[in-house]
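One structure is given below, encoded as C-alpha cells.
In our numbering, the protein residues as written are 7 to 393.
Have a look at this one:
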C-alpha cells in the first residue's frame, strides 16, 4: 500500500485518470436509471390510456366493380292477341284448326257456307250486265235527242248500284273463309262444325308469343334511369335466364300505385315460355366500385341513419349506406372507397369520431393496435367469397 502511495505521489496523473473513470461511471449509471424510469412511466401511461379505449374487431374489405341494377317483379304477356269474329252470317261447314295449334299468317281457320252468297252474286252480275246495256242504250238515244237527261242519269245510277252490289257480295264471299291475320297460336276456339254464326260472333282467340313480353311496374324514382332499347334480363319461374330490350315505357303513372308500366321484349321462337308466367326482371345500370358486407354489420348513427362504421386514422367513421346490389351472400355498398376497414364486432358500442383499439380479423389475428395501424393481409370473408 505504501508502495502504491509512493507511486501515485511520483506520478500524479494517475490520480486524475482514476477520478475521471469514476465520474464517467457515475454519470452513465444515472442516465441509464433515468431512461429506465421514463420507459416504465411511458408504458404505464400507454396502458392506462389504452384501458379507456373500446376494443372492436374489424375486417379490411376491397372494392370491386359492381353493376347497379333495378330489380322488378313482372309477368309475361303475349306480344299481341286478338279475338277473331265472323264477318258474315252462315253455317260453319269446315273447321281447320284446334286449340293450341300454331298457324301462319293467312292460314284458314274455318269456312262458312257460301251457296247463298254464290247465288246472290250470280244474280248481281246478271243485273250488272243488264244495267250496262241499259246505259249504253240511253247514251245512244241521248246523242240522237230521243232520251232525256233525267233518264240518262237514272241509267248511270242503276249501273253504279249494280257495281256496288257485285263488289259487296264478292267481299262477303272472300270473308266466308276466316284466316289468321298473323303468325300465332289458336289459344281458344269458340265454334264447332255445324254452328250457325251471325255477323260479329266470336270464332277464335289468336295470340302471338314471339317475341314474348315481360311487363313490370317501376317506381317514379327508378323510371328516370330507363331508356327505350336498354338491355334487360329476366329469371323465369323455371330459373332460366332470358335477355331482351325495353320496348315501351309508360308516359303516365298509374293513379293507384304511382308506378310506370314497362315492357321488355324477349325472343321466344319455339314458344318455350308462355304468357302469364311470373318473372324476376333485372335492368343493369351503371357500374361502380362497391364492397360486399353482411347486413349484420350495419348500424345506426345518432340521427337514426343506417350505415356502416369504419376505422380511419385511429377513429370511428360512420358512412351512410348506398346499396348497389344485394344477393344471397350479402349486400354490395358503394361510396366506401377502394379499401375500407369495416367494424364487424363492437360497432354498437362506439360512435362516429370515437378513438378505438382494433383487432383485425383473419390476417390480423393476435394483433391489437390503434385503428390507424395497417393490418397485415386482413381481408374480409365476404370479399374472399366474392373472389
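C-beta: ideal position from N, C-alpha, C; glycine also.
Query: Contact the region 97 to 108 vs the region 117 to 124: 3+ CB pairs below 8 Å; Result: yes
Query: Length at least 3, wholly inside the region 151 to 206: the beta strand (DSSP E) runs in chain order; Result: 183 to 185 and 190 to 195
Query: Residue 40 classed as buried or exposed, judged by whether at least 16 other C-beta atoms fall within 10 angstroms; Result: For residue 40, the predicted structure reports a pLDDT of 48, less than 50, and the residue's modelled location is therefore unreliable. A value from the coordinates is still provided. By the 10 Å Cβ count, residue 40 comes out exposed.
Query: Spatial distance of residue 238 from residue 287 (CA atoms); Result: 7 Å
Query: CB contact flag (residue 130, residue 177, <7 Å); Result: no
Query: Within the region 275 to 361, ranges of the beta strand (DSSP E) (whole runs, at least 3 residues); Result: 284 to 299, 304 to 306, 312 to 318, 321 to 326, 329 to 333, 336 to 340 and 345 to 351
Query: CB of residue 222 within 7 Å of CB of residue 97, strictly; Result: no
Query: For residue 324 and residue 313, believed in contact at Cβ under 8 Å, the rounded distance; Result: 5 Å
Query: Per-residue burial, residue 112 [other beta carbons within 10 Å of its own, 16 or more giving buried]; Result: exposed
Query: Stretch pair the region 248 to 260 + the region 299 to 306: three plus CB contacts closer than 8 Å; Result: no
Query: Validate contact between the region 161 to 176 and the region 70 to 84 using beta carbons, cut 8 Å, 3 pairs; Result: no
Query: Integer-rounded CB distance, given that residue 271 should sit under 8 Å from residue 285; Result: No, residue 285 and residue 271 are not in contact; Cβ-Cβ is about 13 Å, not under 8 Å.
Query: For residue 137 and residue 127, the rounded distance between their alpha carbons; Result: 15 Å
Query: Spatial neighbours of residue 248 in its chain, beta-carbon cut-off 6 Å, leaving aside the 5 residues before and after; Result: 240 and 272
Query: Test item: CB-CB of residue 3 and residue 203 under 7 Å; Result: Nothing can be reported for residue 3: it is not among the residues displayed for the chain, which extend from 7 to 393.
Query: For residue 329 and residue 318, the rounded distance between their alpha carbons; Result: 21 Å
Query: Extent of the continuous beta strand (DSSP E) run through residue 80; Result: 70 to 83
Query: Classification of residue 274 by the beta-carbon crowding that lies within 10 angstroms, buried from 16 upward; Result: buried
Query: Those residues which DSSP pairs with residue 212 across a bridge; Result: 88 and 192
Query: Exposure label - residue 156; buried when at least 16 CB within 10 Å; Result: exposed
Query: Nearest neighbour of residue 322, chosen from 292, 356 and 343 [CA to CA]; Result: 356
Query: Span separating the alpha-carbon of residue 349 from that of residue 331; Result: 21 Å
Query: Proximity of residue 338 and residue 281 at Cβ, strictly below 7 Å; Result: no
Query: Residue from 149, 265 and 215 whose Cα sits closest to the Cα of residue 227; Result: 265
Query: Residue span of the beta strand (DSSP E) that contains residue 242, given as start and end; Result: 237 to 242
Query: Residue 102 in three-state terms, based on DSSP; Result: coil
Query: Supposed contact pair residue 346 and residue 316 - C-beta distance, whole angstroms, cut 8 Å; Result: 5 Å
Query: Residue 114 - containing beta strand (DSSP E), residue span; Result: 114 to 118
Query: Same chain, Cβ closer than 8 Å to residue 179, neighbours up to 5 away in sequence not counted; Result: 120, 123, 124 and 127
Query: DSSP three-state assignment for residue 269, whether helix, strand or coil; Result: strand
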